[in-house]
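Order-wise, the sequence lines are chains S and R. Each residue of the first sequence is one higher than the last, beginning at 76 in the working numbering. Each residue of the second sequence is one higher than the last, beginning at 159 in the working numbering. A virtual CB, placed ideally from N, CA and C, is assigned to each residue, including glycine. Predicted model, so just to flag it, every value in this text is computed and none were measured.
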Amino acid sequence: MQSGAWPEWQQNIKYGLIAIAALFALDIIFDWNFITWAWYISLLVVFYIIYRIEDFVRLRSLMYAFLPLILLEVLQEATHLGNWKWLNDLENGLENAKAFAIIWLVAMIVIITRQNKALKKVELKTLHEEHLKQIAETKKAELEVLVAERTAELTKQKEELQQIVVELKATQAQLIQSEKMASLGELTAGIAHEIQNPLNFVNNFSEVNAELIGEMEQEIEKGNYEEVKAIAQDIKDNEAKINHHGKRADAIVKGMLQHSRLGSGMKEPTDINALADEYLRLAYHGLRAKDKSFNANMKTDFDVHIGNVNVVPQDIGRVILNLITNAFYAVNEKKSHHPENYDPTIFVSTKKLNDWLEIKVADNGPGIPKKVMDKIFQPFFTTKPTGEGTGLGLSMSYDIVTKGHGGQLLVKTKEGEFAEFIIKLPV
Amino acid sequence: MHAMKILVVDDERDIQTLFEQRFRREIRENLVNFVFAFSGEEALNYLNGHEHEAVLILSDINMPGMSGLELLAHIKQKYMKPPPVVMMITAYGDAENFNTAKQLGADDFLTKPVDFSLLKEKLKIII
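So this is what it looks like as structure tokens:
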């Protein structure tokens, strides 16, 4: 019996023990019959209590071990109550039975001891398991704290990355705009030249017309009407030329404004030949203005049957300009390295093929080396010295043709001989 | 009096109408005779076929293909003996082109837009 078990019984057990001890002592000292009986009865009461009260369930097996011996003792004592022969025989029989009861008792105690040991083992095991479980739970709690910390860290990092993405998008937009402005810068001189020429014609022809009107007045006075008619026709023709060159300057200024415009424009029916021709001239004069020694042959072959094609004119213009500028740059490079017997030539052509429109920009420059072929459409890839190229021209061109217009941008080249870019647009 | 033959070289085709009208009276009076070429190559072709005919060449500098400066070099150094008078016209009235043209032997310069009364003055001196 462990101390501390059954706390509500503690007191009763104490009194019970004292009472049983007292009875036992009295029985030894006085050997009174009724004390022996009281002793037996009290033992049976204890057994009864053990049997009935759930709290003592673990003691029952011990009780069963002692029960036969006690019962036999009681019965034997009862045989002393009378003095018949059969009672004496019974007493002898009981004496023999007591031997079995003792064997039973010993066997039971051995079994109970073993059972207790096994139970203890199970208890120890359970205890150990509980201990392990506790450790696991502590670890789990620690891990949960860690996880929470990491989650917070990751969330913070994610927010930072999102912020960076927003910043990168803004930078990208800025870069695209600066690429546009850079190409506009390249164009400025070309534009100045291209506007200056039509303006000169406008001024010159209007001056000529003023002179012609003076002459016409003289001829009217002379009555020379044949000459008057001829002069009138010239004035008419000159007016048409003034108008033509005025419109030319107007178109260039509009093109320049479109070129620098932000955001995606709308698709509109566009004269691709005129667009290609305009940007060819602008690129040429732009480069001439930067580098006086620069020159190249320009050959064009425009298919007059292509008509107007639905494109975003400033975007396709930007692609054509970029390809032409690259072509001029390429032939200029080759000329600076191999000046003898080299005739730098740029070739721009358009062609309609069933459902496709092809715009070709070719040059007889150094071509594109194999090792950079798969990089040329990547953003920021450039073969130009630092500061000269943004590396965005071809990648922007690629996006405009493929994403913007559902077309293709193809390239053919042979090192040392030529490079040819083909814009294929669905019609 | 024999009309002075002037070769005008410019890639802008309307330059022909402009000159013909500006020099309307002079042409009618048979003082000058204009021939036009629209590229350096075309000008050289003409000169090769009509040697010593043109006495004055008015050339633009800024042209696709053979530039005015290359044409000038050809005329002054390789072909013409004695070379004709060459006047360079350029939209870029800058020192670089001016000096290059001068080194190559250009006789005079005009800047765009061409001042026709100034050109007429210069022509009078040559005639």
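For the stretch 228–248 of chain R, there are no residues whose beta carbon sits under 7 Å from a beta carbon of chain S. Residue state for S197(R) is assigned as coil, using DSSP reduced to three classes.
Of all residues in the stretch 299–311 of chain S, the ones placed with a Cβ closer than 7 Å to any Cβ belonging to chain R are D309, in chain order. Residue pairing by DSSP places K435(S) opposite S424(S) and I497(S) in a beta bridge. Counting only Cβ-Cβ distances below 9 Å, R180(R) has contacts in chain S at N279, E282, V283 and E286, in chain order. Contact note: D265(R) does not reach chain S at a C-beta cutoff of 7 Å; the least C-beta distance is about 20 Å.
Using a Cβ-Cβ cut-off of 8 Å, Y354(S) does not count as an interface residue toward chain R, since no Cβ of chain R sits closer than that to its own.
Between N416(S) and G468(S), the C-beta gap is not smaller than 8 Å, which leaves the two residues out of contact. If the five residues before and after V423(S) are omitted, its C-beta is found closer than 6 Å to the C-beta atoms of A351, L355, T375 and V436, all from its own chain and listed in chain order. In this structure, P242(R) lies near L214(R), with their beta-carbon atoms less than 8 Å apart. Residue range L214 to D218 is occupied by the beta strand (DSSP E) that includes L214(R). Boundaries of the alpha helix (DSSP H) around I103(S): Q85 to F105. Under the 8 Å criterion on CB atoms, D273(R) is classed as non-interfacial with respect to chain S. At least one CB atom of chain S sits nearer than 8 Å to the CB of E170(R). Between V384(S) and T420(S), the C-beta spacing is not below 8 Å. By the neighbour-count criterion, in which 16 or more other beta carbons inside 10 Å mark a residue as buried, P222(R) falls on the buried side.
Under DSSP, N383(S) shares a beta bridge with D346(S). Using a Cβ-Cβ cut-off of 8 Å, L277(R) does not count as an interface residue toward chain S, since no Cβ of chain S sits closer than that to its own.
In the displayed model, D266(R) falls within a strand according to three-state DSSP. Under the three-state reduction of DSSP output, L236(S) falls in the helix class. Approximately 16 Å separates the beta-carbon atoms of N407(S) and E492(S); this is outside 8 Å, ruling out the contact.
Contact annotation for F276(S) against chain R: E170, D172 and L176 [CB-CB distance below 8 Å, chain order]. Here DSSP, grouped into helix, strand and coil, assigns F455(S) to coil. The residues D418, P419, T420 and I421, in chain order, have a CB closer than 8 Å to that of N372(S) in the same chain once the five nearest residues on each side in sequence are set aside. With contact defined as three or more Cβ pairs closer than 8 Å, the stretch 182–195 of chain R and the stretch 160–169 of chain R are in contact. The residues I317, H320 and G321, in chain order, have a CB closer than 6 Å to that of V277(S) in the same chain once the five nearest residues on each side in sequence are set aside. Interface annotation for the stretch 205–218 of chain R against chain S: empty, criterion Cβ-Cβ distance under 8 Å. Residue state for F377(S) is assigned as coil, using DSSP reduced to three classes. By the beta-carbon neighbour count (other beta carbons within 10 angstroms, threshold 16), R393(S) is buried.
For T248(R), the enclosing beta strand (DSSP E) begins and ends at V243 to T248. The Cβ of G223(R) sits closer than 8 Å to at least one Cβ of chain S. Within the stretch 356–387 of chain S, those residues whose Cβ lies closer than 8 Å to any Cβ of chain R are, in chain order, Y359, H360, R363, A364, K367, N370, A371, N372 and M373. Going by C-alpha positions, A176(S) is about 56 Å away from K215(S).
Interface with chain R (8 Å Cβ-Cβ cutoff): N416(S) is excluded.
Contact between G479(S) and P501(S) is absent: CB atoms are separated by about 12 Å, not below the 8 Å threshold. For the 8 Å CB-CB criterion, A264(R) and L230(R) form a contact.
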